[in-house]
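*Asks:*
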Amino acid sequence: FRDEQVTVGQGAWALPGTLSRPTVAGPVPAVVLVQGSGPSDRDETVGANKPFRDLAWGLASRGIAVLRYDKRTLVYGSAMANSTALTVQDETIDDALAAVNLLRHIPGIDGRRIVVLGHSLGGMLVPRIGQQDPNIAGFIVMAGATRPLQDMMLEQVAYIDSVHGDTSPAARARLEQLREQVARVDALTPATASSSGTLLGAPASYWL
């Protein structure tokens, strides 16, 4: 296989990406990789780990093309941070749909056999992606959340503190502050959104 540099989407939110293509006679099936929460690069890099690159190279070496791209919040983080109307549609869904559309127009890719793989938040949003493009051939949910994102954030911080044995006053205060923020997210309604400000790093529109 070979890696090719591509652009996902057009205009103000165009994103750099990589298409790992098998060097075999096509048309070949393809997979779009959709990241989890946070400003992730196309490889979903965490420290020395690059799970999306591993998936892309593994599948491409077995005859399946894989498209991955830098997340919008990574490339345009400052512009998105100033948005008071941010939603998961802007953060994730629009770009996943644009990636699928790009693949459909690349010679050698079988447009009838495109699958979307969502990891974590990306997996949580798979049903919405599928609703907006019923012609996608299939979906893979990898560690997708089935509970509210804010509840999982609280669980993760509490778990990490327990693993590290951190029972300091600062850690307890941090966890209590997080609980208060989660409670405010849970209490959000469209009527209270305009006065809620930023919660857990995102505007009320995001949580609603």
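The working numbering applies: residue 620 is where the sequence shown begins, and numbers increase by one. Ideal placement from N, C-alpha and C gives every residue a C-beta, glycine not left out. Every value quoted in this text rests on a predicted model; they were computed, and no experiment measured them.
1) Tell me the start and end of each unbroken alpha helix (DSSP H) in the region 716 to 777 that is at least 4 residues and wholly inside, in chain order.
2) Which term fits D689, buried or exposed, when burial requires 16 or more other beta carbons within 10 angstroms of its beta carbon?
3) For P641 and A679, which I take to be in contact (beta-carbon distance under 8 Å), what is that distance rounded to the nearest angstrom?
4) Can you tell me the Cα-Cα spacing of A821 and W676, whole angstroms?
5) In whole angstroms, what is the alpha-carbon distance linking A717 and G628?
6) Quick one, which of S656, R621 and V651 has its alpha-carbon nearest V643's?
7) Do I712 and R747 have their CB atoms nearer than 7 Å?
8) Between L768 and Q796, what straight-line distance do the alpha-carbon atoms span, to the nearest angstrom?
*Replies:* Checking against the coordinates, here is how it stands:
1) Segments of the alpha helix (DSSP H) lying fully in the region 716 to 777: 740 to 743 and 745 to 751.
2) buried
3) With a contact defined as Cβ atoms closer than 8 Å, P641 and A679 qualify at about 6 Å.
4) The straight-line gap separating the alpha-carbon atoms of A821 and W676 is approximately 33 Å.
5) 5 Å
6) R621
7) Result yes, Cβ atoms of I712 and R747 sit closer than 7 Å.
8) 17 Å
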